[in-house]
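Here is the structure we will look at, set down as structure tokens.
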Amino acid sequence: MSGEMYLALGCGAALVLMGVIAYRAVTADYVVAERDEQDDKNIEP
Amino acid sequence: MTASHYAAGIFASVVVYVLIGHYAGRRVKGVDDYYVAGRNAPTLFIVGTLIASFLSTAAFLGETGFAYQGYAGVMLILVALNLMGYVIGAVYFGRYIRRSRAITVAEYFGKRFNSRRVQAAAGTTIIIGLSAYLLAVTQGASLVISEAVDIPYDVTLLIVWCGYTWFTARSGSQGVVVTDTVMFFLFTIITFAAAFYIISATGGWFDTISTLAAFDAKPGIISWHGVNGPGARFEAPVDALSWALVLGAAWGITIAVSPWQSSRYLMAKNEHVVIRSACAATGIALLFYCALFAAATSVNLLKADIFPSETVMIWAAMNVLPGLAGVLLMSGIVAAALSSASTFLSLIAFSATNDLVELKGVNEHRRLSLSRYAMLIIGVVILGLAHWQPPAILEISYFAATLFASSWGPVAFMSVWSERITSEGAFWGIVVGFTSNFVVKMLTLYGLLTLPVLLDPIVIGILLSLLTILVISRCTQVTTQERGYREDLHKTPAAELDTDKSNATLKFAVGLMACGAVLAFAMALFYVGPQATATNDREFTTAPIERNLVDER
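Chains A and B, in that order, give the protein sequences.
First residue of the first sequence? That's 0 in numbering that gives the first Met the number 0, and the numbers climb one at a time after it.
First residue of the second sequence? That's 0 in numbering that gives the first Met the number 0, and the numbers climb one at a time after it.
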């Protein structure tokens, strides 16, 4: 594989990786947290 | 198109910014409006101000000139790496400083470490570092206009200065986010249009790639490592790669934590806006750079000896683009400078009135007036310096900007993620990171010290700052207030837990992933393939000739 191909894949991979980091952060800190909060409310008598 | 057309276009665009700033200034009712745009800015405005304040004359003149010289591939490695700082900064730092409800990033440090001294140290770095950066940007914009429209430098300096100082002082962040967004649209759209015109003039995309792959004046101009060999900027590909990786990482930290980027998150409507803006800014800025570098490299086929190379886009605006597009490109380059200048000026004044001095017992109206006066006084100082100091745009920009990577980088991330960092550690980390980078850079600049690229002053500054924090924090104790504040920072506010908002934010993250996949595929199809074919064809056609020459000898 040529250096130019690594450059193309590297640029794409940088964006994909950042998307993954953002996705995981939102899922862990907002989606799951909201679900946990709802569960807590449901458990309360 | 004559010089007066370019002058009229640039002047008209400056008037538009002043009018927008004037209108936005009428909506400023208090300190929160003036400093952090009422903490109500939507994703579009945060994306606009993030990119506009980041891209300045350094991008349009310095980096583009470097691409024109034959290093577009190297610059692309650098920017792909540094733009990762947007998402890393937003996720691991930006959304936490927003939770602090501070009005400056230095104030966040003060609150986090319960220390006015830390706040003042961070504020001082803002005033010194950003004043230097503002000086470079002001000079850059004035030079662009002066060269393009043949008006004396001092006159264009006054026009540029009046333009950004007026609307920034009048409207503060409330106006800056709006004008930044308008400027962002202008220079982004015109850059893509310019790339289209330039590449059409050089024979279309595939012909341009084929011709550049066999371009003898700058051999290797579209390879990933650029022009190498004796006398070139990089002797071997590995030198180019090391330079791009080190500078890319340093700029990545700068994007993640620097005051002119992270302070934008203080203005965001909510934390979802912070993450969405970071995702959008990463994708848009990388596509923008691809277009800008492709355009600058292609200009070589029209004129390969533009000097200084930094003026390549100005030359293209005046000689390649059709009338109105040329005027808009010139206005776009000036807009990139003005947008950064307005952000820097506002941040310097905010730090002078909020972080350096403590205005106790001063009401909101008086505080607003003081901030505006501070902005005018700082503006006058910058004007004087820009008049007397010889321009050194790229050197000062790169130097001043990366001071924040070393002075703020380790402290910023550790303020959120380390349980052991103390206020003493943070204070000395900022001081040592700033001064060590500054001193080593000066020594290398005056030829008293020669360092390998892996030991760039930025790297030394970051390492010394980190070491200082670790050593001093080990010798001192984290207080109960500091520990409590950090724990509170990690509590997600209830208002942020909203399914609709989360789903919309996830779409931005997925969009960024899709953008990455499409970009890699497009680059393979439109750049790697044609470049390899052209290079192989050239080797195939020149090899028999070379063999014959050897046989004849």
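We put the beta carbon where it would ideally sit given N, CA and C, even for glycine.
Owing to the predicted nature of the structure, the values given are computational and were not obtained by experimental measurement.
- Query: Mind checking Y445 (chain B): buried by the 16 CB within 10 Å criterion, or exposed?
  - Reply: Exposed, since its Cβ has fewer than 16 Cβ neighbours within 10 Å.
- Message: Taking 6 Å as the limit between beta carbons, can you name the residues of its chain near R34 (chain A), skipping five residues before and five after?
- Response: Scanning its chain for C-beta atoms nearer than 6 Å, with the 5 sequence neighbours on each side dropped, one finds no residue around R34 (chain A).
- Can you name the residues that DSSP bridges to F233 (chain B)? For F233 (chain B), which the question treats as bridged, DSSP gives the partners B:N227.
- Report yes or no: is there a C-beta of chain A within less than 7 Å of the C-beta of I544 (chain B)? Its pLDDT being 47, under 50, I544 (chain B) is placed unreliably in this model, and the value from its coordinates should be taken loosely. Answer no: the Cβ-Cβ gap between I544 (chain B) and chain A never drops below 7 Å.
- Item | Contacts around Y152 (chain B), its chain only, beta-carbon distance under 8 Å, and the 5 residues preceding and following it disregarded | Taken in chain order, the residues that qualify are S141, L142 and S145.
- In whole angstroms, what is the alpha-carbon distance linking G515 (chain B) and R366 (chain B)? Those two C-alpha atoms are separated by around 46 Å.
- Item | Test: C161 (chain B) CB closer than 7 Å to a CB of chain A | Output row for C161 (chain B): interface = no.
- Message: With a threshold of 7 Å between beta-carbons, can A411 (chain B) be considered close to chain A, or not?
- Response: A411 (chain B) does not count as touching chain A.
- Message: Please confirm whether M17 (chain A) has its beta-carbon closer than 7 Å to some beta-carbon of chain B.
- Response: Chain B, which has a Cβ nearer than 7 Å to the Cβ of M17 (chain A), makes this yes.
- Message: Is the beta carbon of A404 (chain B) closer than 7 Å to that of S55 (chain B)?
- Response: Going by C-beta atoms, S55 (chain B) is not nearer than 7 Å to A404 (chain B).
- Task: Would you identify the three-state DSSP class for A303 (chain B), choosing helix, strand or coil?
- Result: Three-state DSSP puts A303 (chain B) in coil, outside helix and strand.
- Can you find a C-beta in chain B that's less than 7 Å from the C-beta of V31 (chain A)? Not one beta carbon of chain B lies nearer than 7 Å to the beta carbon of V31 (chain A).
- Given that H224 (chain B) touches chain A, what residues does it touch there, using C-beta distances under 9 Å? Going along chain A in sequence order, the residues near H224 (chain B) (Cβ under 9 Å) are G2.
- Task: Check the C-beta distance from S172 (chain B) over to V319 (chain B) and give it rounded, since I have them as a contact under 8 Å.
- Result: Cβ atoms of S172 (chain B) and V319 (chain B) stay farther apart than 8 Å, at about 37 Å.
- For M74 (chain B) and E62 (chain B), the rounded distance between their alpha carbons: So the two alpha carbons sit approximately 7 Å from each other.
- Message: So, under 8 Å CB-CB, F437 (chain B) and L402 (chain B) are touching, yes? Tell me the CB distance rounded to an integer number of Å.
- Response: Right, their Cβ atoms sit about 7 Å apart.
- What residue does the alpha helix (DSSP H) around Q37 (chain A) start on, and which one ends it? It spans V31 to I42 - the alpha helix (DSSP H) in which Q37 (chain A) sits, taken as one unbroken run.
- Identity of the residue in B:A71, B:L344 and B:V430 nearest L465 (chain B) by Cα: Closest by alpha carbon: B:V430.
- Message: Here's the rule: buried if 16 or more other CB atoms are within 10 angstroms of the residue's CB, otherwise exposed. What is H271 (chain B)?
- Response: That one is buried.
- Message: Do I198 (chain B) and L211 (chain B) count as a contact pair if the criterion is CB distance below 7 Å?
- Response: No, the Cβ-Cβ distance between L211 (chain B) and I198 (chain B) is not below 7 Å.
- Task: Could you list which residues in chain B have their beta carbon closer than 8 Å to that of D38 (chain A), in chain order?
- Result: Chain-ordered listing is empty here: chain B has no CB closer than 8 Å to the CB of D38 (chain A), the nearest sitting near 12 Å.
- Message: Contact criterion: CB-CB distance below 7 Å. Does L524 (chain B) meet it with respect to chain A?
- Response: Closer than 7 Å: no.
- Item | Check whether Y5 (chain B) and M329 (chain B) have beta carbons under 7 Å apart | Cβ distance < 7 Å, so Y5 (chain B) and M329 (chain B) count as in contact.
- Message: Are the CB atoms of P409 (chain B) and G424 (chain B) within a distance shorter than 7 Å?
- Response: Cβ atoms of G424 (chain B) and P409 (chain B): not closer than 7 Å.
- Message: Please confirm whether E551 (chain B) has its beta-carbon closer than 7 Å to some beta-carbon of chain A.
- Response: Low per-residue confidence applies at E551 (chain B): pLDDT is 49, beneath 50, and the placement is therefore not dependable enough to give any value.
- Collapsed DSSP secondary structure at A348 (chain B) in the structure displayed: Note: A348 (chain B) maps to helix in three-state DSSP.
- Would you identify the three-state DSSP class for A40 (chain B), choosing helix, strand or coil? Look at A40 (chain B) here: in three-state DSSP terms it is strand.
- Limits of the unbroken alpha helix (DSSP H) element including N318 (chain B): Boundaries of the alpha helix (DSSP H) around N318 (chain B): V311 to N318.
- Just the Cα atoms here: how many angstroms apart are I254 (chain B) and S276 (chain B)? When rounded, the distance between both Cα atoms is 13 Å.
- Item | Proximal residues of chain A, C-beta to C-beta of Q260 (chain B) below 9 Å | Here the premise fails: no neighbours, minimum Cβ distance about 15 Å.
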